[in-house]
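Single-structure report; data block below.
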Amino acid sequence: MSATQLSVRYAAFYTAIFAAIGIYIPFWPLWLGEKGLSAPEIATLLAAASWLKIATTPGFAQVSDRSGRPKVTMAVVALLSVGFYALLWDSSGFWPILLISLIAVAAMQALPPLGDSLTLGAVYGRGLDYGRIRLWGSIGFILAAAVAGPLVETYGIGAFLPFLLLLLVITLGTIIVLPPQDKTPQNTASQSKGDWRPLLKPQFLIFLICASLLQASHATYYAFSTIHWQLAGHSETVIGLLWAEGVAAEVLLFAISGAMVRRMRPSTLLLIGGICGIVRWLVIGETTWLPALIGVQLLHAGTFGATHLGAMHFIARRAPIGAAATAQSLYSAFSGGLGMGLALLLAGVLYRESPAFAFFAMAGLAGIAVLLALRLLSFPRSQEERLPHETT
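Laid out in C-alpha cells, this is it:
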C-alpha cells in the first residue's frame, strides 16, 4: 500500500471521529437540557466525564499496548461508544443518563489518542506526514458543526443523537480499514527511562497550572454557549457556524504557526492565549450581539490554538526524552481532566445564578494565567530551549 493510500485511510479516521466530536461539543448540552436536566446537572455530567477521562483513556491505551492489537482495541472501544449512546435513545432522568453517558463519552474520547498511537507508528515506519493527516480532523469538526446546526434547526434537537450515532458507525468503518500496526521500531532513545525530576521544578509546575487554567477557561463556553446563544434568539444554524468559525481560526493559526513558533518563546504563546481569553470571555459574557460574537470567535485561535502550541512546545523543550510521555500525560490530566472538571462544576453553579458572571469568571481564570505566563517569561530564555541531552 502506498504512502498516499495509507494517509487517506488515517485521514478518514480523523475526519470521522472529529466530526462526531464536532457535533457532540456544541449540541450535547442542548440535548441534555431537552431531556430535562438542569444547568448544574449538565455541568456535573460534563465534569464527571472529564474526570473519568483521566483514568479511562490511559486504561484503554494499556489494553491496546499489552494486547499488541490496537486496531481491535479501537474497534471494540468504538462499538462500546455506539452501544451506550444507543441506550440513551429512550433514557430519562439524571442518574440513568449520567451512568450510561459516562461510558459512551469515555469510549468516544479515547478514540483520538488511540488513533494517534497507531498513526504515529506509520509516521515513523512509513514516513507519513502526521500534520497533513491530523488536519482532516479539524476539517471534519468544522463540517459537522456547520451541518448539525441546520439539521437541528429543521428537525429539532432529537436529530442530534441519530446523527452522532451515524458518525460513530462511520468511525468504526474507518477503523476496520486501517492498516495493521507498523512494526518498524521507533527511536529507542525516546522510549528509554530518563530523569523526570525537571518536571517537579517550579518552572514546569507554573507552566502546568498556567496552561491548565487557560484550557479550563473554556468551560462555560463548552457547556453553555449553545444554550446561552439559543436563548438570545440565535438559530441553530448560526450557532453551528459560530462554533465552526472558532475551529477554522484555530486551523488557520496552525497552518501559519511555523514562523511564530521559531520566533516566540512558548511562554509568549501562553501569554497571548491568556490575553485573548480575557477579551473573549468578557465580550461573550457582556453581549449576544452577533457581530461581536463573530469577532471574538476568531480569538479561539488564541485561547485554544496559541495555548496548545505553547504547551506542546514548552513540553518538547523542557521535558527530558524519557519523561516526555509523563509530561504529556500530566498536561492532559490537569488541563483536560482535573482542571476542566472543576471549572465545569463552577460554570454550572455560576450560570444558574448569572450567565454573564459565568463567562466573567472564565476571564478571571485567563487573567490568573496571564500572571503565571509573565512569571514564566521572567525565567531566562535559555530555560525554554532544549535540554542539553535532547536531540532535535
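Under UniProt numbering, the first residue of the sequence shown carries the number 1, and numbering increases by one thereafter.
Ideal Cβ positions, reconstructed from N, Cα and C, are used throughout, including at glycine.
Where residue i falls: helix, strand or coil (DSSP)
| i | result |
| --- | --- |
| R265 | coil |
| T287 | coil |
| L6 | helix |
| V169 | helix |
| residue 393 | The chain is shown from 1 up to 392; residue 393 falls before or after that span and cannot be answered. |
| I256 | coil |
| G277 | helix |
| H313 | helix |
| H234 | coil |
| G337 | helix |
| M1 | coil |
| F84 | helix |
| R381 | helix |
| S64 | helix |
| E271 | The amino acid at residue 271 is misidentified as Glu; the sequence shows Leu. Helix, per DSSP. |
| R318 | helix |
| P185 | Any reading at P185 needs caution, since the residue's pLDDT is 39, under 50, leaving its predicted position unreliable; the model's value is listed next. Correct three-state label for P185: coil. |
| G33 | helix |
| S92 | coil |
| R69 | coil |
| S38 | coil |
| S190 | Confidence is the limiting factor: at S190 the pLDDT is only 42, short of 50, which leaves the residue's position unreliable, though a coordinate-based value still follows. Of the three classes helix, strand and coil, the one that applies to S190 here is helix, per DSSP. |
| L372 | helix |
| residue 399 | The chain is shown only over 1 to 392; residue 399 falls outside these bounds and no answer can be derived. |
| A325 | For A325, the predicted structure reports a pLDDT of 47, less than 50, and the residue's modelled location is therefore unreliable. A value from the coordinates is still provided. Looking at A325 - three-state DSSP - the assignment turns out to be helix. |
| E390 | Because E390 sits at a pLDDT of 40, beneath the cut-off of 50, its placement in the model cannot be relied upon, and the following sentence gives the value as read from the coordinates. In this structure, E390 counts as coil in the three-state DSSP scheme. |
| L79 | helix |
| S354 | coil |
| L242 | helix |
| L299 | coil |
8 angstroms contact criterion, which residue i and residue j should meet: CB distance rounded
| i | j | result |
| --- | --- | --- |
| I23 | A144 | 5 angstroms |
| T44 | G348 | 6 angstroms |
| P106 | L88 | Looking at the sequence itself, residue 106 is Ala, so the reference to Pro does not match. Between L88 and A106 the Cβ distance is about 14 angstroms, and since that is not below 8 angstroms, they are no contact. |
| residue 393 | L46 | This structure gives no information on residue 393, because the portion of the chain shown stretches from 1 to 392. |
| Y85 | L168 | 7 angstroms |
| L30 | Q230 | 7 angstroms |
| A373 | C210 | 6 angstroms |
| V296 | I284 | 6 angstroms |
| A20 | L164 | 6 angstroms |
| R368 | L213 | First, the residue type needs correcting, since residue 368 is Ile and not Arg in the sequence shown. Rounded, the Cβ-Cβ distance is 6 angstroms, consistent with contact. |
| residue 422 | V177 | Not covered by the structure: residue 422. The range shown for the chain is 1 to 392. |
| S64 | P58 | About 10 angstroms separates the two Cβ atoms, so there is no contact after all. |
| F207 | L371 | 13 angstroms between Cβ atoms; not a contact. |
| L128 | A122 | 5 angstroms |
| G149 | L241 | 6 angstroms |
| A358 | T220 | 5 angstroms |
Proximity test, residue i beta-carbon vs the ligand FMN heavy atom, cut-off 7 angstroms
| i | result |
| --- | --- |
| L253 | As far as ligands go, the structure on display features none, and thus does not contain the ligand FMN. |
Give a yes or no on contact between the region 238-253 and the region 358-369, applying the rule of three or more CB pairs nearer than 8 angstroms. no
Runs of alpha helix (DSSP H) wholly within the region 95-159 (minimum 4 residues, chain order): 130-155
Kindly confirm or deny that the region 153-165 and the region 92-102 touch, where touching means at least three C-beta pairs closer than 8 angstroms. no
Taking contact to mean at least 3 C-beta pairs separated by less than 8 angstroms, is the region 134-150 in contact with the region 5-24? yes
With a threshold of 8 angstroms, are at least 3 pairs of Cβ atoms found where one atom belongs to the region 265-277 and the other to the region 224-237? no
Touching by the beta-carbon criterion (3+ pairs, under 8 angstroms), the region 50-60 and the region 333-342: yes
Report the start-end ranges of each alpha helix (DSSP H) in the region 202-227 that is 4 residues or longer and not cut off at the edges. If you keep only unbroken alpha helix (DSSP H) runs of at least 4 residues inside the region 202-227, you get 202-216.
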